[in-house]
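In the numbering used here, the protein residues as written are 304 to 412.
Okay, here's the thing in structure tokens:
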């Protein structure tokens, strides 16, 4: 799966079971694009546990916000510990990269 406009690959891993992935990129105004990923199944099934991984250029992204992060808002290096985790039942599945002037660079929910 690829965000073609910025050439940002999004990797999805996990056992999809009977589900298939559908995605859509919609740019609603300059600088604001919505990328939707949907899991669909033709039969009743429990949604699988999946992981999403992507690389985003860190230019102008100086801090991160996540509900379980507490007061620490620094960007961690790849060797800096476990990745952020979100679950629908505990910790809102949202993360935002932002600049210290208050502009958001990337929000993932």
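Heads up, the beta-carbon is just placed ideally off N, CA and C, and yes, glycines get one too.
### Task
Report the option in 320, 370, 371 and 315 whose CA atom is closest to the CA atom of residue 350.
Within the chain shown, numbered from 1, the residue matching residue 350 stands at position 47. Answer by Cα proximity: 320.
### Query
If you check the beta carbons only, do residue 315 and residue 353 fall under 8 Å apart?
Taking the chain shown and counting its residues from 1, one reaches residue 315 at position 12. Taking the chain shown and counting its residues from 1, one reaches residue 353 at position 50. Yes, these two residues count as a Cβ contact at 8 Å.
### Task
Look at the alpha carbon of residue 336 and the alpha carbon of residue 313, and state the distance between them as a whole number of angstroms.
Residue mapping note: residue 336 aligns to position 33 of the chain shown, counting from 1. Residue mapping note: residue 313 aligns to position 10 of the chain shown, counting from 1. Rounded to the nearest angstrom, the two C-alpha atoms are 15 Å apart.
### Nearest to residue 343 (by Cα), restricted to the options 359, 323 and 362
Position 40 of the chain shown, counted from the first residue, corresponds to residue 343. Among 359, 323 and 362, the Cα nearest to that of residue 343 belongs to 323.
### Alpha carbon of residue 357 to alpha carbon of residue 318, nearest angstrom
Working through the chain shown from its first residue, we reach residue 357 at position 54. Working through the chain shown from its first residue, we reach residue 318 at position 15. Their backbone Cα atoms lie some 18 Å apart in a straight line.
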